[in-house]
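*Asks:*
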Amino acid sequence: MKIAFCSSEVYPFAKTGGLADVSGALPIALEKLGAEVSIFLPHFKTVGNNGHVTRINNRISVARLGKKINVYFIENEEYFGREGLYGDSAGDYSDNLERFQFFCLESLKLMKELSLPVDVIHCHDWQTALIPVYLKEKFQQDPFYRKIKSVLTIHNLAFQGAFPKIKFPHLGLEEKLFSPNGFEFYGKINLLKAGIIFADQVTTVSQRYAKEIQTKEFGCGLEGVLSNRKNETVGILNGLDYDVWNPYEDVHVRMKFSKDDFFQAKAENKKYLQDSLDLPIDPNIPLYGFVGRLSHQKGIDLILESADDLAKMNVQVVIQGIGDEKYHSLLSELEIRYPKTFAMCLKFNEDLAHQIYAGSDFFLMPSTYEPCGLSQMISLRYGTVPIVFKTGGLADTVMFYNVQNKSGNGFVFDQYNKRKFLTAVEESIGIFKSQKDFDILRNNAIHSDFTWDQSAKKYWDLFKCLLSV
Ligand code: ADP
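The opening residue of the sequence shown carries number 285 in the numbering used here; numbering runs sequentially from there.
(1) For K554 versus G643, is the C-beta distance shorter than 8 Å?
(2) Just how far apart, CA to CA, sit S590 and I344?
(3) As a quick exercise: from V599, L578 and L398, pick the residue whose alpha carbon is nearest that of N568.
(4) On the premise that S307 lies in contact with V321, defined as a C-beta separation below 8 Å, what is that separation, rounded to the nearest angstrom?
(5) In chain order, what residues of the same chain have a beta carbon less than 8 Å from the beta carbon of E634, not counting five sequence neighbours either side?
(6) List the whole-angstrom C-beta distance separating L725 from I715, where the pair is believed to meet the contact cut-off of C-beta under 8 Å.
(7) When DSSP labels each residue in this structure, what does K727 get in the three-state scheme?
(8) Tell me whether the beta-carbon of A708 lies closer than 8 Å to the beta-carbon of I662.
(9) Apart from the five residues on each side of it in sequence, which residues of its chain come closer than 6 Å, Cβ to Cβ, to G573?
(10) E468 bridges to which residues according to DSSP?
(11) What separation, rounded to the nearest whole angstrom, lies between the Cα atoms of Q498 and Q719?
(12) Going by CA-CA distance only, name the one from D484, L476, L615 and G471 that's closest to V404.
(13) Go ahead and pull the three-state DSSP assignment for R513.
(14) Out of I473, C407 and Y611, point me to the one whose CA is closest to V486's CA.
(15) Just reading off the alpha helix (DSSP H) that A347 is part of, what are its end residues?
(16) Alpha carbon to alpha carbon, what distance is there between F695 and V669?
(17) Which residues does DSSP pair with N354 in a beta bridge?
(18) Leaving out five residues on either side along the sequence, give the residues of the same chain with a beta carbon under 8 Å from the beta carbon of E421.
(19) Just reading off the beta strand (DSSP E) that T707 is part of, what are its end residues?
(20) Taking 8 Å as the threshold (C-beta atoms), are P401 and I286 in contact?
(21) According to DSSP, simplified to helix, strand and coil, what is R665?
(22) Should L837 and K451 be called a contact, given that it needs their Cβ atoms to be closer than 8 Å?
Structural data, given as structure tokens:
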């Protein structure tokens, strides 16, 4: 089976969030199952020229991933030679439609020019959602493309690639496709919507989110379009790359540890983290970590709203992230107001992220919605107990710790308000104080299994099934 991945983020080459982790890990997991995989990615400036990338010509460069996976970088200095992937401090780049249209079309053209045999093109999010449309509307007559199936995975329905109607001619498609049954969404071009309609198969990244997005509450206006395609929409939980996120071999952490021997190392990592963040060094104060985009989705507003109460609870909270400017200033003020409780690292920094996962006792992830979420899986892998809102992938991966039968790997609150959130934090403090229970809970957490094996097999079966019709 020959699969071409098209994604705007692939770890370790370009990353702003979980999409990169998935596009860097799933191809390797599929390769292990026997698939022949190639990856297409824009040659963003962040990729750099680190010696691993070889220029083939002025349109394409290549690097390796896994055993034999070619990662093809689409060249275009004007479009991709910028600081950000999608935008800068002033907001999204105004030519994002042109940039990603170019990426989609160029990827398709190069597959043919490279004589790359392809059975399935696996697209991700709005940035590559034009590919299913082009396959059906532009390339259907070309024997190279005719039999190729397209799969579109939605990693976050809130980002849809909406652009002014006036840009439609730039897509090079028949005008009639700008209609409610195609690209049109409230008078604008909506790339994700078109991708959902034209893809042979739609997937999203957890079973619960697959159901949620068909409702008004979570559908971001596309619930009707998704319900129309409900027979071709499935949820497959993301896995985690256990080689990238491996506390036993993690060069970023102070003291490495395995899932069978971690209590002492975690205590050491906590001490180091408290020290480096200028927090009081005290093993008896529970330390809560947060790593993520600073946005309403990730629950920053709820944390801000609860800040005064948290400060009274004798806990420590470290928040790492970048995002909306308003959160940068509000969080900085919070750190000044409560220097013994809050420590802020408002930047993107892999090194520190690993240290937070390894050194915290608990991990805060009160997302308003969460398609899958990787951070809670990473924290579990590092024996750090997640506290999550019951939504999407968080609900599919974190189970409430039951003191009676000692099952469960975290804390879950089921109504989105400050009171419920703080109750979950109080419950975690209660367990933290009972050393025996805390150790059992951490043991459950670190033994949770979210490797890619099972999920990759599900994608494999799905691709096979698509190719058999
Ligand atoms: P998203 O919705 O952003 O994709 P996920 O939980 O699926 O959220 O994945 C987030 C990924 O991005 C994780 O690997 C997390 O560690 C990483 N990440 C987010 N913010 C930062 C940051 N400021 N510094 C380092 N890594 C970050």
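Every residue, glycine too, gets a C-beta built ideally from N, C-alpha and C.
*Replies:* Taking the geometry as given:
(1) yes
(2) 49 Å
(3) V599
(4) The Cβ separation is near 11 Å, so there is no contact.
(5) H536
(6) 6 Å
(7) Sequence inspection shows Asn at residue 727; the Lys mentioned does not correspond to that position. Of the three classes helix, strand and coil, the one that applies to N727 here is helix, per DSSP.
(8) no
(9) V602, I640, S644 and F647
(10) I473
(11) 43 Å
(12) D484
(13) coil
(14) C407
(15) No alpha helix (DSSP H) contains A347, which is instead part of the beta strand (DSSP E) from I344 to L349.
(16) 8 Å
(17) S322 and R348
(18) L457, E458, L461 and F482
(19) First-last for T707: K702 to K717, but that is the alpha helix (DSSP H), not the beta strand (DSSP E).
(20) It is worth fixing the name first, because residue 286 is Lys in this sequence and not Ile. Against a cut-off of 8 Å, the Cβ pair of P401 and K286 comes out as a contact.
(21) helix
(22) No answer is possible for residue 837: the residues shown for the chain start at 285 and end at 753.
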